[in-house]
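These notes are about the structure you will find just below.
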Amino acid sequence: MGVSKTSFILLIVAWSVQGDAEDLASKTGGQEPETRVVGGKDAPKGLVKHQAALKSKDNWTFCGAAVISERWMLTAAHCVESRKPSEFTAVVGTLSRNEGGTTPCQDIKSGLSCLLTGWGKIGERRFAPYELRYLYVKTLSSKDCNKFFKGRSRVTISSNQMCTLNKYGEGTCQGDSGGSLVCNGTSAGIVSYNWPCANAIPDVYTNTYKYNSWIQENTKSP
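Those letters in the sequence shown? Residues -21 to -1, 1 to 201, per mature numbering (1 follows the signal peptide of the UniProt record, and there is no 0), in order.
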C-alpha cells in the first residue's frame, strides 16, 4: 500500500491522565502508556481510512492517530508532548484527507462492539507487525470499568475515560497509543494505557465524547 507523508497536518492532543497511568504502572506491574493490538488480523485496504501512523525520523512507528478533518488529527498527549513537530511525521496510506473520522454525538455505553486498529506488538514479548492490525472489542463505561477493578486494584477510571475488555489474548499492547477506537463510525476513544498485554484486564482509553467542546473550539478555522 502506497503511503504519503503528511507532516503539515497539525495535531490536537486528547489528554488522558498521564499521572494516573504512571502511578498505576508502578503499583500493579503495568507499563506506562504505549500500546499495540494483540489477537487481531491484518486490516483489509479501506477498512480504516482514518488511521495514521506517527513516525520518528528513523522510521519507528511510536504511536497512532486518527484523521478527524481535512486539517486535524487526534492522538494521545503522551505521544507528542515531549517531541518537537520537526522530530516526527504523520504517515497515511490510501487516505483521502477529507474523508476523516468524526467524533461521537453521544456517550458510549457498555457492550458495544467497536473497531480497534494499530501497528502495535502482537504480544508482550513479540514483534510489531508490518501490516495494520484490527480487532473488534467490547466497550465498558467508566462506571462498569471501575466495577471490574474494585477489589483488584486501587486504580480509578475517571468519567473522562472508558475501557474495552475482550478475552485473554485480545487487546492493546506496546505502540498503539493515540490510535482511535471506532464505535458507530465515530472516533469514540483514544488508546491510553494497558496492563501488557491482552491479559483479560480492561484497556483504558480517553473518552472522545467528553472532549467534544474542546475539540470543536480548538479546531476552528483561523
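Virtual Cβ for every residue (Gly too), placed ideally from N, Cα, C.
Model, not experiment: these values are computed from the prediction.
Query, Result
"Contact under 8 Å by Cβ, V27 with L111", "yes"
"Per-residue DSSP class, three states only, for C142", "strand"
"Under 8 Å between C-beta atoms of G168 and T187", "yes"
"Residue burial classification, Y184 (beta-carbon count within 10 angstroms, cutoff 16)", "buried"
"Secondary structure of V161, DSSP reduced to three states", "strand"
"Whether Y147 touches N178 by CB criterion (8 Å)", "yes"
"Residue closest to A45, alpha-carbon to alpha-carbon, out of S65, L144, G97, V17", "G97"
"Per-residue DSSP class, three states only, for T96", "strand"
"Reduced DSSP secondary structure (H/G/I, E/B, other) of N173", "coil"
"DSSP state of W193 mapped onto helix, strand, coil", "helix"
"Option nearest S159 by Cα separation, candidates D86, N125, W39, A31", "A31"
"Boundaries (first-last residue) of the beta strand (DSSP E) holding S156", "Run containing S156: none; DSSP gives neither H nor E here."
"T81 versus R131 - alpha carbon distance", "35 Å"
"CB of C176 within 8 Å of CB of K100, strictly", "yes"
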